[in-house]
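Trainee:
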Amino acid sequence: MLANSASVRILIKGGKVVNDDCTHEADVYIENGIIQQVGRELMIPGGAKVIDATGKLVIPGGIDTSTHFHQTFMNATCVDDFYHGTKLDIRFTVMVFY
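Quick note on numbering: numbering that gives the first Met the number 0 labels position 95 of the sequence shown as 94, and the sequence is numbered without any gaps.
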């Protein structure tokens with residue numbers, strides 16, 4: 000656990016949460032990198048960073064499954080190998096904009 004727990008509390012507020020079987024407006028509370036609550040009017044501890052997601056999609060745990068490594072197309076080859084490309088995908092594919 001990190002010493003400054005307030006820096007790892009995030010509330011994503013007012014977004015449209017995309018789930019595996021539905022889409023609904025809700026807030027998402029994350030603590031120490033783990034989703035703790037999803038719903039409206041959440042009761043959360045103080046000190047959380049609030050991100051206004053109004054008009055945005057929130058995809059908890061979203062994964063881009065459409066990746067292509069070592070694939071050739073028109074005599075061009077991807078420069079990323081699986082290891083480095085996957086590290087980039089994990090970090091940059093689904094991005095939070097705030």
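Where is the CB? At the ideal position from N, CA and C, for every residue including glycine. These figures come from a predicted structure and were not determined experimentally.
Skipping 5 residues on each side, what residues in its chain have a beta carbon closer than 6 Å to that of ILE11?
Mentor: By 1-based counting over the sequence shown, the position of residue 11 is 12. Same-chain partners within the cutoff: VAL27, ILE50, ALA52 and VAL57.
Trainee: If I follow the unbroken beta strand (DSSP E) through ASP20, where does it start and stop?
Mentor: Here the question's residue 20 lines up with position 21 in the sequence shown. Careful: ASP20 lies outside any beta strand (DSSP E) and carries neither H nor E.
Trainee: Which stretch, first to last residue, makes up the beta strand (DSSP E) that contains ILE50?
Mentor: Walking along the sequence shown from the start, residue 50 turns up at place 51. Note, ILE50: beta strand (DSSP E), 48-51.
Trainee: Between the C-alpha atoms of GLY13 and GLU24, what's the straight-line distance to the nearest angstrom?
Mentor: By 1-based counting over the sequence shown, the position of residue 13 is 14. By 1-based counting over the sequence shown, the position of residue 24 is 25. The straight-line gap from Cα to Cα measures roughly 6 Å.
Trainee: Excluding sequence positions up to five away, which residues of its chain have a Cβ less than 8 Å from the Cβ of VAL37?
Mentor: Taking the sequence shown and counting its residues from 1, one reaches residue 37 at position 38. Result list for VAL37: VAL16, ALA25, ASP26, VAL27, TYR28 and PRO59, in chain order.
Trainee: Below 7 Å CB to CB, which residues in the same chain sit around PRO44 once its five sequence neighbours on both sides are set aside?
Mentor: Here residue 44 refers to the residue found at position 45 of the sequence shown. ARG8, listed in sequence order.
Trainee: What residues match up with LEU56 in a beta bridge as DSSP calls it?
Mentor: Along the sequence shown, read from residue 1 onward, the residue named residue 56 stands at position 57. Answer is LYS15, bridged to LEU56.
Trainee: Thinking just about the alpha-carbon of each residue, which of LEU41, LYS55, MET42 and LYS48 is nearest to the one in THR22?
Mentor: As a first step, residue 22 is located in the sequence shown; it is residue number 23 there, counting from the start. When only C-alpha atoms are compared, the closest one is LYS55.
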